[in-house]
Amino acid sequence: MSAVSRVQSPEPADFRKAMGSFAAGVTVVTGCHEGRLVGTTVSAFSSVSMDPPLVMVCLKRDSRTLAALSQTKAFCVNILAQEQGDLAYRFAKSGADDRFALTAVEASASGAPLLAGCVAAIECDLHAAHDGGDHEILVGRVLRVVTDETKTPLVYVRGAFLNA
Ligand SMILES: Cc1cc2nc3c(=O)[nH]c(=O)nc-3n(C[C@H](O)[C@H](O)[C@H](O)COP(=O)(O)O)c2cc1C
Numbered sequence: 544m545s546a547v548s549r550v551q552s553p554e555p556a557d558f559r560k561a562m563g564s565f566a567a568g569v570t571v572v573t574g575c576h577e578g579r580l581v582g583t584t585v586s587a588f589s590s591v592s593m594d595p596p597l598v599m600v601c602l603k604r605d606s607r608t609l610a611a612l613s614q615t616k617a618f619c620v621n622i623l624a625q626e627q628g629d630l631a632y633r634f635a636k637s638g639a640d641d642r643f644a645l646t647a648v649e650a651s652a653s654g655a656p657l658l659a660g661c662v663a664a665i666e667c668d669l670h671a672a673h674d675g676g677d678h679e680i681l682v683g684r685v686l687r688v689v690t691d692e693t694k695t696p697l698v699y700v701r702g703a704f705l706n707a
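In case it helps, the working numbering puts the sequence shown at residues 544 to 707.
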């Protein structure tokens, strides 16, 4: 028997339920590819290292945003505020090309857009990309951060936004 076939896996629904009980912040990861703004909603975001400052995001292998960011090698992680639940759903809508239509943006040095009204924005250069099963793990080297401490972060847990 191979090592792989001996590994046990939980039922996908059980795994999803367990992971869904981990309350997470919500971000929109953005970039600028060949003059076109790209971005999508991502809750799989974490800090990795203080020195050097590194963060990570996990994107599905079929994500169009992943394809663009792999080329541009720069991205911005916009941490959403409590009142930005609609924006989170807009940037998660499959195949949508008008995600930026209702949102004011400011360009970072790489061109990756900072979204107006967020709790924080974290500008990164791509530091490394790792295999994450059906996702790709992008590690970003943090170049600049912007924080608005007057805003309350949006929280996603058990498939819904908290206090929405
Ligand atoms: C609250 C929330 C969190 C999400 N987190 C992630 C995530 O961490 N990684 C991911 O790949 N997709 C995540 N998604 C789904 C993507 O936003 C969605 O699949 C989107 O259509 C991908 O767009 P793209 O192909 O243009 O990149 C999340 C969606 C929602 C609503």
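For glycine and all other residues, C-beta sits at the position ideal for the given N, C-alpha and C.
Please read these numbers as outputs of a predicted model, since none were measured by experiment.
Q: Could you name the residues that DSSP lists as bridge partners for D674?
A: E679
Any non-hydrogen atom of ligand 1 within 7 Å of H678 CB:
yes
Quiz prompt | For G683, the nearest candidate out of A566, A644, A664 and E692 (CA to CA) | solution = A664
Check: Does DSSP put L623 in a helix, in a strand, or in coil?
Finding: coil
Helix, strand or coil: which one does DSSP assign to G563?
helix
Can you tell me whether DSSP reads S606 as helix, strand or coil? coil
Q.
I'd like the list of long-range same chain contacts for V591, defined as Cβ closer than 8 Å, with 5 residues on each side in sequence excluded.
A. Cβ within range, chain order: L597, V598, M599 and V682.
Can you give me the start and stop residues for the alpha helix (DSSP H) that G628 sits inside? G628 to R633
TODO: For the beta strand (DSSP E) holding E649, just list the boundary residues, first then last.
DONE: V648 to A650
Notebook entry, point to check: How would you call T573, buried or exposed, if buried means at least 16 neighbouring beta carbons within 10 angstroms?
Noted result: buried
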